[in-house]
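Respectively, the protein sequence lines represent chains F and D.
Sequential numbering of the first sequence, starting at 908, is according to my numbering.
Sequential numbering of the second sequence, starting at 30, is according to my numbering.
Note that beta-carbon positions come from the ideal geometry of N, C-alpha and C, so glycine has one too.
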Amino acid sequence: MVIEVSHLVIARAMFGTTMAFHIIFATLGIGIPFMILISELMFLKTKDQDYSIMAKRWTRVKGVLLGVAIPSGTIAGVSLSLLWPGFMEVIGRVMALPFQIEIYAFFIEALFLSIYVYAYDRISTKARIISLILVTFGALASAVLISNVHAFEGTPAGFRVVNGKIVDVNPWAAFFNPAFFITAGHVSLTALMTGSFVFAGTSGFKMLRNSPGSRSYQFHAKALVMSLILGGVISLISALSGHASAQYLYEYQPEKLAAAEGLFETQSHAPLTIGGSVDPEKQEVKHAIEIPWALSFLAGNRFDTVVRGLNEFPRDYWPPLFIHTMFNGMVGIGMYSILVAIIGVYWLKFKKKTVVPKWMLFAFFLSAPLSILAIEFGWILACTGRQPWTIYHILSTADSVTSQQNLGILYLLFILVYLLLGIVVIAVLYFYFKRNPLIHELSGQTDPDDKNYPAH
Amino acid sequence: MYGLSLTDEILGITLIWGFVFIYAVMGAMDFGAGFWSMIYINRDKTNVTNIANRYLSPTWEVTNVFIVALVVAIYSMFPRAAYSLGTILLIPGSLILLLITIRSAFLVFSHAAEKYKRLLIYVSGITGILIPGLLIAVLPISQGGYVIEQNGRESLSLGLLFTSPNVYAFIAFAIISSLFLSSLLLADYSKTAGDLRAYGVYRRDALITGPISLICAFLIMVTLKTEANWIYIKMMDNLPLLITSAACFILTGALLMIPGGKGLKGIPRLAVIVTIIQFLLAGFVYGRAHLPYIIYDNETIRTGFTDPSSFRAVFIVYVVGFAILFPGFYFFWRLFMRDRSVRQTD
Ligand code: HDD
Ligand code: HEM
Ligand code: HEM
């Protein structure tokens, strides 16, 4: 029995690690082309060469990240079958469509990215913008489709189980399961938001290292204003869509909401609990701040909404309680981003200051790693919070896992490869931009080497 | 044919066979090209390595999409078989994934940093040999005999696997034929690019690896006879096709010998086409004999099949998807080709 448990735990850890690694590159794979598109549009509108340079330099970044996004995604896709054969058997029968359509989304993205990158100088600005729109569309579509499998895991639909057999399959009903639109919206918005704050963070970092008034400082200030305005708007909408996600949890996965909030007793006028750690023995959240009535209002838009607590569910069905921290972290970062964007836009746009205080630049810089962290928190909340199920109240994680033993060594190998890739990505970007500093491009030199073709 | 009519199952397995074939051919060229660029890394005065590299850069991404498409096709059409395959293939599958990951990542990185170019060439060369060898092991595994049951669980016996002459014959065949296919293709590619030095080298390599790959194919048949007799017998039902396939092989050899214009020997473009037909025939005979089993003798295409309404939806999506994508591909291909001729002239 001891061996059983640890075997399942390794499989979960292994898949979680793969996803946590992939999601960084996947999210940036949506956010960065989106920001390149915005830069190209700004260039079209203002004819300011700086925006074009921005687009070119970020295209390089995108090219390198793709080298990790694609193989790690391949691992994600294949290891679903290798690690969770029981789960994929059900998915294959009922929910194969999103995976199927996703292949086409990948094709669209790959085709138009190649066109944008390889033929950059040969096609018109309009053709470039169309290509970028299609790249962003392809990336968003693949994210929406794959997240839809996740949505289905939380709100399964389109089939019935009779005596252990799957009957009455309706693949399109499964596709449009109740959480489809909410999940799609939140995942897309937060990916675009992450793109904006990665731009803002990079600019903040660069401005910290250049003296005010220098050409580089001005260049990055433009990128900063653009991304803060965009990021501010998108993070506001993201927060609203996150609110919608929480309301759907209230309706469809009440255990998850209860664990995320550390709520034990079912009650109306339930308080919103922020911070602290959930203690299952004392049935309380230690060291937390409580906002009376707020949770009831959030869950149902009325203070007398009855929110179900953990005690209403068998203890075996409780998700791990640390997801409370994940939830707080994600929401906290969302609030931080909105705040930072407001401060930045006020300072740069309304006060029209050209010099930004260091502490503010540092705050902008932080928003980049934080938004990626929020993506991680969100997924851990969503996936770990679904435990012990892979398909909510239908298929348990223990019944999904492979029967193969000795996963430990494989897990170790995967970790080593992810470490290697992580280090190499950073090194490659570092050397590339060291060899091709911004100042070269600003002084009118065009990029001498088109690295997309190896030397002849 | 042979009592099988065109049912949904046959349609599904044919689609999967098609993906396997496309991936096998594209993958062989891709992996083989990696190996050749490693072998010729120190011949700086010729363009032999660069030819291989130039071919490699734009293709791996499309090749990669096909392996994803293949896995998706298997679990969406034969979920029960995917369950067994997933369980049995955990270890070889994970190793393949790790190798593919390292390889694709370094392919992309090498374009961003000159520093890594040599390292990349070694990485892609070595993985280019290992990956086909591991991938093909799936075939003998699916023929049965290597899966043991312990306390009600199925698992792959690595001991049995690595003492089987049949497995080694398959591995040798995969490696050699990926070198053969890629040298043929690179010969054609360098002839088109007008690089006669490289053409001579790759033509010679094709002439060396070709006969060895034929010997490996015979070894597969010989070992099949003793180790998986059921499939051997059914393959022999299609002996005429096998003989045609061997004839195509000889034709390929001839096409490389005859004069081909510009004072050169060989018409590589035709040789590539004939070789692909040869693989198509042999692959068809093998696949046909494998039916109705997906994994001998516990999963057939009938036991493994998905829900009919799911199949219909998935199939419609395939048809619509490819209809939409085809013009996109065509456009891409034209842009890409024109792009290349522009580069050649300047
Ligand atoms: C930049 C990233 C980011 C930010 C700032 C937020 N989220 Fe989020 N959240 C995600 C990134 C994310 C995500 C990674 O995209 C998740 C994981 C699974 C999913 O569907 O989206 C997610 C899931 C997720 C879920 C769980 C859905 C499920 O279990 O399926 C809830 C309840 C919320 N979010 C709520 C919020 C609220 C109220 C936010 C307030 C600002 C918020 N999120 C900000
Ligand atoms: C991309 C971001 C994602 C991250 C970071 C992520 C993270 C995780 C983590 C940490 C686990 C382990 C949970 C635990 O056992 O405590 C897990 C499990 C799982 N996730 Fe996700 N996940 C992501 C996306 C998805 C998507 C899109 C799907 C649906 C296709 C999915 C399906 C699963 C399944 C099937 C498991 C295994 C069973 C389980 O433990 O529930 N995940 N994931
Ligand atoms: C279990 C969950 C997931 C699986 C099985 C999966 C699968 C894949 C695969 C197979 C690829 C490589 C595609 C190729 O070969 O071209 C990929 C890349 C990618 N995935 Fe994931 N993915 C998962 C989760 C996610 C999520 C949650 C997102 C977004 C929120 C996402 C967005 C992307 C993006 C943007 C790429 C980059 C592809 C490209 O740029 O071509 N993926 N994924």
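Item to check | Interfacial residues, the stretch 1070-1097 of chain F to chain D, with Cβ spacing under 8 Å | outcome: Taking a C-beta cut-off of 8 Å against chain D, the contacting residues of the stretch 1070-1097 of chain F are I1073, V1076, N1077, P1078 and W1079, listed in chain order.
Checklist entry - Going by Cα to Cα distance, which pick from F:K1129, F:L1004 and F:V997 is closest to Y958 (chain F)? => result A check of alpha carbon separations from Y958 (chain F) across F:K1129, F:L1004 and F:V997 identifies F:K1129 as the nearest.
Checklist entry - Comparing the C-beta of D224 (chain D) with each C-beta of chain F, is any distance below 7 Å? => result Chain F, which has no Cβ nearer than 7 Å to the Cβ of D224 (chain D), makes this no.
Checklist entry - Whose Cβ in chain F lies nearer than 7 Å to the Cβ of I51 (chain D)? => result Under the 7 Å cutoff, chain F gives no residues; its nearest Cβ is about 13 Å from I51 (chain D).
Next on the checklist: By the three-class DSSP mapping on this structure, what secondary structure does S184 (chain D) have?
Outcome noted: Correct three-state label for S184 (chain D): strand.
Checklist entry - From the beta carbon of P108 (chain D), is the nearest beta carbon of chain F less than 7 Å away? => result Answer yes: the Cβ-Cβ gap between P108 (chain D) and chain F drops below 7 Å somewhere.
Next on the checklist: Can you find the residues in the same chain that come closer than 8 Å, C-beta to C-beta, to L40 (chain D), ignoring five residues on each side of it along the sequence?
Outcome noted: Excluding positions up to five away in sequence, the list reads F344.
Item to check | Neighbour list for N93 (chain D) in chain F, Cβ cutoff strictly below 7 Å | outcome: Identification of chain F residues near N93 (chain D) by a Cβ-Cβ cut-off of 7 Å yields I977 and T981, ordered along the chain.
Checklist entry - Quick one: does F355 (chain D) have its CB under 7 Å from some CB of chain F? => result Put simply, the CB of F355 (chain D) is far from chain F, with every gap to its CB atoms at 7 Å or more.
Item to check | Within 7 Å, strictly: CB atoms of G1071 (chain F) and F1272 (chain F) | outcome: Taking 7 Å as the Cβ cut-off, G1071 (chain F) and F1272 (chain F) do not qualify as a contacting pair.
Checklist entry - If the cut is a Cβ gap below 8 Å, which residues of chain D does S1121 (chain F) touch? => result Against S1121 (chain F), chain D offers no close residue; the least beta-carbon distance is about 26 Å (beta-carbon pairs closer than 8 Å).
Item to check | According to DSSP, residues forming a beta bridge with V1214 (chain F) | outcome: DSSP output for V1214 (chain F) lists F:Q1174 as bridge partner(s).
Checklist entry - Is the stretch 130-138 of chain D touching the stretch 154-168 of chain D in the sense that three or more CB pairs, one from each, lie closer than 8 Å? => result When Cβ pairs closer than 8 Å are counted between the two stretches, the stretch 154-168 of chain D is seen to touch the stretch 130-138 of chain D, the count reaching three or more.
Checklist entry - Whose CA, out of D:I150, D:V196 and D:L149, lies closest to the CA of L164 (chain D)? => result The residue with the shortest Cα to Cα distance from L164 (chain D) is D:V196.
Checklist entry - Within the chosen definition, does the stretch 109-119 of chain D reach the stretch 325-332 of chain D through at least 3 CB pairs nearer than 8 Å? => result Short answer: they touch.
Item to check | Given M1133 (chain F) as reference, the closest of F:Y1157, F:V1105, F:G1149 and F:A1146 once Cα atoms are compared | outcome: For the residues F:Y1157, F:V1105, F:G1149 and F:A1146, the minimum Cα distance to M1133 (chain F) belongs to F:V1105.
Item to check | Proximal chain F residues relative to T335 (chain D), where beta-carbon distance stays under 8 Å | outcome: The answer, in chain order, is G999, R1000 and A1003.
Item to check | Residue-chain proximity (A318 (chain D), chain F), Cβ-Cβ < 7 Å | outcome: Not one chain F Cβ lies under 7 Å of A318 (chain D).
Next on the checklist: DSSP three-state label for W1266 (chain F), please.
Outcome noted: Under the three-state reduction of DSSP output, W1266 (chain F) falls in the helix class.
Next on the checklist: Tell me the DSSP secondary structure of E947 (chain F) in three-state form.
Outcome noted: Note: E947 (chain F) maps to helix in three-state DSSP.
Checklist entry - Fully enclosed by the stretch 1265-1340 of chain F, which alpha helix (DSSP H) runs are 4 residues long or longer? => result Counting only runs of 4 or more, we get 1265-1291 and 1304-1307.
Checklist entry - Name the chain F residues whose beta carbon is nearer than 7 Å to that of A342 (chain D)? => result Within 7 Å Cβ-Cβ: L1004, P1078 and W1079.
Next on the checklist: Taking 7 Å as the threshold (beta carbon to beta carbon), is M995 (chain F) in contact with chain D?
Outcome noted: M995 (chain F) counts as touching chain D.
Item to check | Under 9 Å from the C-beta of Y112 (chain D): neighbouring residues of chain F | outcome: By Cβ distance, chain F contributes S988, P992, G993, M995, E996 and G999.
Item to check | Cα-Cα separation, L1314 (chain F) to V985 (chain F) | outcome: Between the C-alpha atoms of L1314 (chain F) and V985 (chain F) there is a straight-line separation of about 16 Å.
Checklist entry - Secondary structure at M1237 (chain F), three-state DSSP: helix, strand or coil? => result Three-state DSSP puts M1237 (chain F) in a helix.
Item to check | Under 8 Å from the C-beta of V346 (chain D): neighbouring residues of chain F | outcome: Within chain F, the C-beta atoms nearer than 8 Å to that of V346 (chain D) come from L1004, Q1007 and I1008, in chain order.
Checklist entry - For V1262 (chain F), is the classification buried or exposed, using 16 other Cβ atoms within 10 angstroms of its Cβ as the cut-off for buried? => result Classification of V1262 (chain F): exposed, given that the 10 Å Cβ count is below 16.
Item to check | Under 9 Å from the C-beta of S186 (chain D): neighbouring residues of chain F | outcome: Within chain F, no residue comes near S186 (chain D); the closest Cβ sits about 12 Å away, beyond 9 Å.
Next on the checklist: Less than 6 Å separating the Cβ of H1093 (chain F) from some heavy atom of ligand 4?
Outcome noted: What this structure holds is ligand 1, ligand 2 and ligand 3, not ligand 4.
Item to check | Inter-residue spacing [alpha-carbon to alpha-carbon] between A275 (chain D) and H319 (chain D) | outcome: Answer to the nearest angstrom: the Cα atoms are 20 Å apart.
Checklist entry - Could you give the distance in angstroms between the alpha-carbon of A1107 (chain F) and the alpha-carbon of T332 (chain D)? => result Cα to Cα, A1107 (chain F) sits roughly 55 Å from T332 (chain D).
Checklist entry - When the Cα atoms are used, what is the spatial distance from I1316 (chain F) to N1208 (chain F)? => result Cα to Cα, the separation comes out at about 50 Å.
Checklist entry - Between D:Y347, D:P356 and D:I323, which lies nearest to V167 (chain D) when the distance is taken from Cα to Cα? => result Selected option, being the one with the closest Cα: D:I323.
Item to check | Endpoints, the beta strand (DSSP E) within which R1067 (chain F) is located | outcome: Segment R1067 to V1069, the beta strand (DSSP E) holding R1067 (chain F).
Checklist entry - Is any beta-carbon of chain F found at less than 7 Å from that of V152 (chain D)? => result No - not a single Cβ of chain F is within 7 Å of the one on V152 (chain D).
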